[in-house]
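Undergrad: I'd like to ask some things about the structure below.
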Amino acid sequence: MKKPIYIFNNGKLKREDNTIIFIKENDEKKVIPINSISEIHILGELDLNKRVLEFLTKNQIPLFFYNHYGYYIGTFYPREYLNSGLITLKQAEFYLNHEERIFLAKSFIIGAVSNILKNLSYYKKAKEELINSYIQEIENKAKEINLKTDIPSIMAIEGDIRKTYYEAFNVILNSDDFYFDKRTKKPPKNPINALISFGNSLLYTTILAQIYRTHLDPRIGYLHETNQRSFSLNLDLAEIFKPIIVDKVIFSLINKGQIQLKHFDEDIEFSYLNEKGKQIFIQAFEEKINTTIKYKNLGNVSYRKLIRLECYTKTDV
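Here's what the structure looks like:
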């Protein structure tokens, strides 16, 4: 099975015969077997040339770039070898049809709420009374979703539900070093926000890589506006998977003591993971996304495969 690779070091990416070579700044070389990788994530400073990009295009391997803080900043998306004009038109038709778009937008939020409730139910075994109050509040708010008839109202309900869900984090987490007061972005204001932002970046690119293996156009989303943003379908799908992938990784890493304050940059208020912290998170993220679960009549499938299946079931094209 092909796997993603993550490059943390600064260096150069070169083509050598029928494979890729990564050369670190100290001239140490590492061979990257082209037939064993699905995508490449770049977290360090990288030099590369057109020959490398041509080779990656030929082998349908996307590149994802992150800045120093771990924010996703861009993609080299090879020629869309599976893209279908007919499917793109169908996606656009769904987007322009108000009823179809609202139906799809609601389905993403309903999927997200379902997984949020699964998370809370999992953790209520230890703190049942406290967690039950959050479950009840979210269930009550979720009843309003089907009453909404426009995207801003749907997004507002989603934001309200997540606010309640985030309040439960301090009940779930067993560490005095990690307190979560509210969601903040660009920049994240504390370690929990740093973990959420980094995890979401990884999820967005993971979903983009799976969309690339389908006939779908990632530029056309339904919950998130299709405007000046490069991609939006991956953001839609991410709403479903954030609770069961990103959040579960965060809970596990903190409660097991695998992520500590020493894994954050203390010079900027612990708002960003340092390199070691990123490596720990990515390892846990990959383990989680490769975990298999029983899915309908398909038997055991990994979360990575489930993402691709959701590309089809949620867009119905």
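Numbering (my numbering), first residue to last: -19 to 297. Built from N, CA and C at the ideal position, the CB exists for glycine as well. These figures come from a predicted structure and were not determined experimentally.
I'd like to check one pair, Arg193 with Arg59: are the Cβ atoms closer than 8 Å?
TA: Your numbering for residue 59 matches position 79 in the sequence shown. Your numbering for residue 193 matches position 213 in the sequence shown. Going by C-beta atoms, Arg59 is not nearer than 8 Å to Arg193.
Undergrad: I believe Leu215 touches Tyr184 by the beta-carbon criterion, under 8 Å. Please report the beta-carbon distance rounded to the nearest angstrom.
TA: Taking the sequence shown and counting its residues from 1, one reaches residue 215 at position 235. Taking the sequence shown and counting its residues from 1, one reaches residue 184 at position 204. That pair is a contact at about 7 Å.
Undergrad: Could you give the distance in angstroms between the alpha-carbon of His21 and the alpha-carbon of Arg31?
TA: Looking up residue 21 in the sequence shown gives position 41. Looking up residue 31 in the sequence shown gives position 51. Counting only the Cα atoms, Arg31 lies some 18 Å from His21.
Undergrad: Any contact between the region 165 to 184 and the region 37 to 57? By contact I mean 3 or more CB pairs, one from each, below 8 Å.
TA: Flag = yes, the region 165 to 184 and the region 37 to 57 touch.
Undergrad: With C-beta atoms as the reference, is Leu241 less than 8 Å away from Phe261?
TA: To locate residue 241, count along the sequence shown from 1; it is residue 261. To locate residue 261, count along the sequence shown from 1; it is residue 281. No, they are not a contact pair.
Undergrad: Going by CA-CA distance only, name the one from Ile12, Phe(-12), Asn6, Glu5 that's closest to Asn(-2).
TA: Position 18 of the sequence shown, counted from the start, is the residue given in the question as residue -2. Selected option, being the one with the closest Cα: Ile12.
Undergrad: Tell me whether the beta-carbon of Asn(-11) lies closer than 8 Å to the beta-carbon of Gly24.
TA: Along the sequence shown, read from residue 1 onward, the residue named residue -11 stands at position 9. Along the sequence shown, read from residue 1 onward, the residue named residue 24 stands at position 44. For Asn(-11) and Gly24, yes; Cβs fall inside 8 Å.
Undergrad: With distances taken between CB atoms, is the gap from Pro198 to Leu175 smaller than 8 Å?
TA: For the purposes of this step, residue 198 is identified with residue 218 of the sequence shown, where counting begins at 1. For the purposes of this step, residue 175 is identified with residue 195 of the sequence shown, where counting begins at 1. In this structure, Pro198 sits away from Leu175, with a CB-CB distance that is not shorter than 8 Å.
Undergrad: In angstroms with no decimal places, state the Cα-to-Cα distance between Ile239 and Lys162.
TA: By 1-based counting over the sequence shown, the position of residue 239 is 259. By 1-based counting over the sequence shown, the position of residue 162 is 182. Rounded to the nearest angstrom, the two C-alpha atoms are 20 Å apart.
Undergrad: Taking all protein chains shown into account, do 16 or more other C-beta atoms lie within 10 angstroms of the C-beta of Gln190, making it buried, or fewer, making it exposed?
TA: What you label residue 190 is simply residue 210 of the sequence shown in a count that begins at 1. Label assigned to Gln190: buried.
Undergrad: Around the C-beta of Ile273, are 16 or more other C-beta atoms found within 10 angstroms, so that it is buried, or is it exposed?
TA: Here residue 273 is taken as the residue at index 293 of the sequence shown, counted from 1. Label assigned to Ile273: exposed.
Undergrad: Leaving out five residues before and five after Tyr(-14) in sequence, what residues of the same chain have Cβ atoms less than 7 Å from its Cβ?
TA: Within the sequence shown, residue -14 is the residue found at index 6, counting from 1. For Tyr(-14), where only same-chain residues beyond five positions count, the Cβ hits under 7 Å are His21, Leu23, Ile262.
Undergrad: If we ignore side chains and look at the alpha-carbon of each, how far apart do Lys166 and Leu153 end up?
TA: Within the sequence shown, residue 166 is the residue found at index 186, counting from 1. Within the sequence shown, residue 153 is the residue found at index 173, counting from 1. The straight-line gap from Cα to Cα measures roughly 24 Å.
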